[in-house]
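J.: My questions will all concern the structure given below.
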Amino acid sequence: MIGVDDGVPAPLGAHFDGRGVNFALFSEHATAVDLCLFEPGERHETHRIRLPARTDDVWHGYLRGVLPGQLYGYRVHGPWAPERGHRFNASKLVLDPYAREIAGRIRWHDALYGHRRGVAREDRIDRRDSAAYMPKAVVTAPEVPDLALRPVRRPLHETVIYEAHVRGLTMTHPAIPEAERGTYEALAHPAIIEHLWKLGVTALELLPIQAFADDRFLVDKGLVNYWGYSPLGYFAPDPRYLGHGGTGGLKAAIRELNAAGIEVFLDVVYNHTCEAGLDGPTLSFRGIDNASYYKLDPADPQRGIDCTGCGNTFDVAHPRVMQLVMDSLRHWVSAYGIAGFRFDLASSLGRAPLAFSPQAAFFQAVAQDPVLAGVKMIAEPWDIGEGGYQLGGYPRGWSEWNDQFRDAARGFWRGDRGTLPKLTQGLSGSREVFAPSGRSPLASINFAASHDGYTLADVVAYEEKHNEENGEGNRDGHGHNVSRNYGVEGDTDDPEILKVRARQKRNLLATVMLAQGVPMLLMGDERSRSQGGNNNAYCQDNAVSWMDWTSDPDPTLATFVANLLRLRREEPALRRRRFFDGSAIDPEEPLRDVHWLSPDGTEMDGAAWGEDGRQAFGMQIGNDGEAGQRLLILFNAAETACSFRIAPDVGGPWRVVFDTARETGAVLFGPAALAGGGSLSLPARTVLVLAARTDEAA
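Structural data, given as structure tokens:
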């Protein structure tokens, strides 16, 4: 007989104290909660124990003699009243939202649904037991502080983000033992760390690793949720990436990455869960307290409010739901040493309760939290709800994915008219977007490609998406790709087309890395990784999405990226912490803090800015003498060369330090210094960077 006492209501979850385990679960509307204990391999619980106490809507109990490793779940009693938003069904085993580890995976069966499926009215209750098909929570030992897991805390202006997937990055590397590939441990392999270090990456941003589900519609098609944007638990690393070291393998990997000076960021999904819409399964939150965890329509609580396109919206405006999110964030920082978070569909977190507000309680909670102080917060600044697109709308302390920068860069280099104003805005840090909220250029996360869409190689090789392998008739994925194939859709052996594509990849990378803000590189873009035109490879856990470490169609591109990032590190003018304001540096000198030049060497005037077909311009920075050299960055997106005059009043002498017309970019032994008043020929489709020491320019 297992002894049970009242225990305490905090902390939530299952916590071992050396003698037993305290279990605590929040549910505002439940009438009773049963704790179910399981033995490994058993389909049904060996013990079912009614939690004896309730304090402030937390159900709790203390079990003596229970040890770490114990498998458990809950059955939550309450009304089955969909018309009031309640979907309690004690026949369904539900997962503890605070589970630190999860054993097993979902085995899809109709018993996992709280309602009867396939009948005329899907609000009728289903009484079948779901325990045999559910993963189980695992009681864990207390966390022991690990000083080696303290994040590197690199300043944001020195940050270069590399967005990657645990399996995608490690599955094919020949130096990694086969049994270790695709696991957390593989991230710490010297071959992976050396690759990132040589590139000059400072932060590894992992696609979701919080426990997630493979959606039933994917499993039925023989696919999986590869990206992981279908969260099941917010405290446990997903079991599919566990190696021999268990969760310790993830901690070991983060320790090694930190030792190499590389921070680890997590892509987190607090906007929705894997329980989908009201026709979805009952796996955790829905069965614990549907009316508390999800946003429901006040006029018709049977209907959920879907701001995410995933069937539900997590109600972070509810104090207990916000507590869960905050506890989860603190857990990943304290237990795993995570240095930053990228928030998927972050606008939903700022809906208080329905409209977005930068003063929402969630943002205020993050701002004052001492554990999260110094942790980098990055928003995907939109969701699909009304008023969801909020680029520039986030508060101080937050950076944002800048999709306007991405589209302007792609559009400029493919030759779109009217892109120059948006591109130059992005190159100078997107002041018009981020300054009104009191932030700096570091609020802008600049990128040309991300996991969501084409890879860089596909941006210059495909004009139509090719998502047939996803099994949705090529209807999924965005149709707005701002791409060009330069004559042939997809693969080609035409040397002229390949030459243009190689140049355009380099131009896009240079545009990202030379812009003010924080640059982000997509995994494999430095090796010209292609997904065959699939711009929504969320379900492709195979060679479509994995890095190919055995072949490299553009073998000098990684060196190009490394040289470009070295230039960024060495030139403070590329890493400003405050916006340009367009003011003159000195009354006696015509230069501004950012000086925009026409090819004839004159400062761009209103007429020049009004030329929507303009494809060549110059950007001179570093003129205020804060540090480093003056830089003159020349852009030519035209298909023909352009003569560019270096006016005498912009300083000099200048020397070329980077050239995208060169395969590796760097100019180790540049041409003779170019004095003011001279001209140079700027090749077609080229970025050229010239430098002049401030003392020389003076």
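First residue of the sequence shown? That's 1 in the numbering used here, and the numbers climb one at a time after it.
Don't be surprised by glycine CBs; every beta carbon is placed ideally from N, CA and C.
Quick caveat, the model's predicted, so the values are computed rather than measured.
Please classify G526: is it buried, with 16 or more other beta-carbons within 10 angstroms of its beta-carbon, or exposed?
T.: The count along the sequence shown starts at 1 and reaches residue 526 at position 526. Here residue 526 is Glu; the residue named in the question, Gly, does not match the sequence. Its Cβ being crowded by 16 or more others within 10 Å, E526 is buried.
J.: Quick check on P174: does DSSP put it in helix, strand or coil?
T.: Within the sequence shown, residue 174 is the residue found at index 174, counting from 1. P174: coil per DSSP, three-state reduction.
J.: Compare the beta carbon distance of P97 and Y184 with 8 Å and say whether it is the shorter of the two.
T.: Here residue 97 refers to the residue found at position 97 when the sequence shown is read from its first residue. Here residue 184 refers to the residue found at position 184 when the sequence shown is read from its first residue. Cβ distance not < 8 Å, so P97 and Y184 don't count as in contact.
J.: If you measure between the beta carbons of L456 and L420, is that distance less than 8 Å?
T.: Residue mapping note: residue 456 aligns to position 456 of the sequence shown, counting from 1. Residue mapping note: residue 420 aligns to position 420 of the sequence shown, counting from 1. Against a cut-off of 8 Å, the Cβ pair of L420 and L456 comes out as no contact.
J.: Using beta-carbon positions only, say whether G622 and R630 come within less than 8 Å of one another.
T.: Counting from one through the sequence shown, the residue named residue 622 turns up at place 622. Counting from one through the sequence shown, the residue named residue 630 turns up at place 630. A contact, by the Cβ cut-off of 8 Å.
J.: Would you please state the rounded distance, in angstroms, between the beta carbons of G78 and F88? I believe it to be under 8 Å.
T.: The sequence position of residue 78 within the sequence shown is 78, counting from 1. The sequence position of residue 88 within the sequence shown is 88, counting from 1. With 8 Å as the limit, G78 and F88 qualify as a contact, their Cβ atoms being about 3 Å apart.
J.: What did DSSP end up calling I262 once you bin it into helix, strand or coil?
T.: The residue given as residue 262 occupies position 262 in the sequence shown. Coil.
J.: Quick check: what's the CA-CA separation for G411 versus M619?
T.: Position 411 of the sequence shown, counting from 1, holds the residue named residue 411. Position 619 of the sequence shown, counting from 1, holds the residue named residue 619. For G411 and M619, the distance between alpha carbons rounds to 18 Å.
J.: I need the DSSP call for R330, collapsed to helix, strand or coil.
T.: Locating residue 330 in the sequence shown gives position 330, counting from the first residue. If DSSP states are grouped into helix, strand and coil, R330 belongs with the helices.
J.: Taking Cβ to Cβ, would you say L156 is nearer than 8 Å to K376?
T.: For this step, residue 156 is matched to residue 156 along the sequence shown. For this step, residue 376 is matched to residue 376 along the sequence shown. Taking 8 Å as the Cβ cut-off, L156 and K376 qualify as a contacting pair.
J.: With H, G and I counted as helix, E and B as strand and the rest as coil, what does DSSP make of D57?
T.: By 1-based counting over the sequence shown, the position of residue 57 is 57. Coil, per DSSP.
J.: Taking the Cβ atom as the reference point for each residue, do T172 and W413 lie within a distance shorter than 8 Å?
T.: For this step, residue 172 is matched to residue 172 along the sequence shown. For this step, residue 413 is matched to residue 413 along the sequence shown. Cβ atoms of T172 and W413: not closer than 8 Å.
J.: Going by beta carbon distance, what residues of the same chain come within less than 6 Å of Y294, once the five residues before and after it are set aside?
T.: As a position in the sequence shown, residue 294 is number 294, starting the count at 1. The answer, listed in chain order, is G304, N312, D315.
J.: To the nearest angstrom, how far is it from the Cα of V544 to the Cα of T170?
T.: Your numbering for residue 544 matches position 544 in the sequence shown. Your numbering for residue 170 matches position 170 in the sequence shown. The straight-line gap from Cα to Cα measures roughly 14 Å.
J.: Below 8 Å, can you find three or more Cβ-Cβ pairs linking the segment 428-438 to the segment 475-490?
T.: no
J.: Please return the same chain residues whose Cβ sits closer than 6 Å to the Cβ of P683, not counting the five positions on each side in sequence.
T.: For the purposes of this step, residue 683 is taken as residue 683 along the sequence shown, with counting starting at 1. Within the same chain, P683 has close Cβ partners A641, A661.
J.: Cutting at 7 Å between CB atoms, please list the residues of its own chain near Y462, excluding the five before and the five after it.
T.: Here residue 462 refers to the residue found at position 462 of the sequence shown. When the five nearest sequence neighbours on each side are left out, the beta carbons in the same chain lying within less than 7 Å of the beta carbon of Y462 are those of Y454, S483, N485, E489, G490, G533, in order along the chain.
J.: Classify A698 as buried or exposed, calling it buried when 16 or more other Cβ atoms lie within 10 Å of its own Cβ.
T.: The sequence position of residue 698 within the sequence shown is 698, counting from 1. Low local confidence applies: a pLDDT of 40 at A698 is under 50, so the model's placement there is unreliable, with the coordinate-based value given in what follows. A698 is exposed by the Cβ-count criterion.
J.: Between the beta-carbon of F265 and the beta-carbon of I193, is there less than 8 Å?
T.: Your numbering for residue 265 matches position 265 in the sequence shown. Your numbering for residue 193 matches position 193 in the sequence shown. Not in contact: F265 and I193 (Cβ atoms no closer than 8 Å).
J.: Alpha helix (DSSP H) containing I193: first to last residue?
T.: Here residue 193 refers to the residue found at position 193 of the sequence shown. I193 -> alpha helix (DSSP H) spans 190-199.
J.: Whose CA, out of C539, Y113, R105, lies closest to the CA of P281?
T.: To locate residue 281, count along the sequence shown from 1; it is residue 281. Nearest of C539, Y113, R105 to P281, Cα basis: Y113.
J.: Do T55 and P11 come within 8 Å of each other at the CB atom, strictly closer than that value?
T.: For the purposes of this step, residue 11 is identified with residue 11 of the sequence shown, where counting begins at 1. For the purposes of this step, residue 55 is identified with residue 55 of the sequence shown, where counting begins at 1. No, they are not a contact pair.
J.: Determine the direct distance from the alpha carbon of P590 to that of P441, and round the result to whole angstroms.
T.: Numbered from 1 along the sequence shown, position 441 holds the residue referred to as residue 441. Numbered from 1 along the sequence shown, position 590 holds the residue referred to as residue 590. So the two alpha carbons sit approximately 24 Å from each other.
J.: What is the C-beta distance between E205 and R342, in whole angstroms, given that I count them as a contact (C-beta under 8 Å)?
T.: Residue numbering aside, residue 205 sits at position 205 when the sequence shown is read from its first letter. Residue numbering aside, residue 342 sits at position 342 when the sequence shown is read from its first letter. The pair is a contact, with the Cβ atoms about 6 Å apart (cut-off 8 Å).
J.: Which of the three DSSP states is assigned to A335 in this structure?
T.: Reading the sequence shown from its first residue, position 335 is the one you call residue 335. A335 sits in a helix when the DSSP states are folded into three classes.
J.: Can you look up A697 in the DSSP assignment and give me helix, strand or coil?
T.: Translated into the one-based positions of the sequence shown, residue 697 becomes position 697. Per-residue confidence for A697 stands at a pLDDT of 44, beneath the threshold of 50, marking its modelled position as unreliable; no derived number is given.
J.: Do K136 and G104 come within 8 Å of each other at the CB atom, strictly closer than that value?
T.: Within the sequence shown, residue 104 is the residue found at index 104, counting from 1. Within the sequence shown, residue 136 is the residue found at index 136, counting from 1. Pairing G104 with K136 gives a Cβ-Cβ distance under 8 Å.
J.: To the nearest angstrom, report how far apart G18 and R569 are at their CA atoms.
T.: Taking the first residue of the sequence shown as position 1, residue 18 is located at position 18. Taking the first residue of the sequence shown as position 1, residue 569 is located at position 569. Cα to Cα, the separation comes out at about 50 Å.
J.: Take the Cβ of D220 as the centre, count every other Cβ of all protein chains shown within 10 Å, and call the residue buried at 16 or more, exposed below.
T.: Within the sequence shown, the letter at position 220 stands for residue 220. Its Cβ having fewer than 16 others within 10 Å, D220 is exposed.
J.: Counting only runs that start and end within the segment 622-656, where is the beta strand (DSSP E) found for 3 or more residues in a row?
T.: Runs of the beta strand (DSSP E) inside the segment 622-656: 629-636, 642-645.
J.: Distance check for R439 and G350, CA to CA, integer angstroms please.
T.: Walking along the sequence shown from the start, residue 350 turns up at place 350. Walking along the sequence shown from the start, residue 439 turns up at place 439. So the two alpha carbons sit approximately 18 Å from each other.
J.: Do you know offhand how far R48's Cα is from G387's?
T.: Taking the sequence shown and counting its residues from 1, one reaches residue 48 at position 48. Taking the sequence shown and counting its residues from 1, one reaches residue 387 at position 387. So the alpha carbons of these two residues sit roughly 46 Å apart.
J.: With a threshold of 16 other CB atoms inside 10 Å of the CB of H115, please say whether the residue is buried or exposed.
T.: As a first step, residue 115 must be located in the sequence shown, where it is residue number 115. Result: buried.
J.: To which residues of the same chain is D403 closer than 6 Å at the C-beta, ignoring the five residues directly before and after it?
T.: One-based indexing of the sequence shown puts residue 403 at position 403. Residues of the same chain with their beta carbon placed closer than 6 Å to that of D403 are lacking, with the five preceding and five following residues left out of the count.
J.: Quick one: Cα of L557 to Cα of Y241, how far?
T.: Position 557 of the sequence shown, counting from 1, holds the residue named residue 557. Position 241 of the sequence shown, counting from 1, holds the residue named residue 241. Taking C-alpha positions only, L557 is separated from Y241 by approximately 30 Å.
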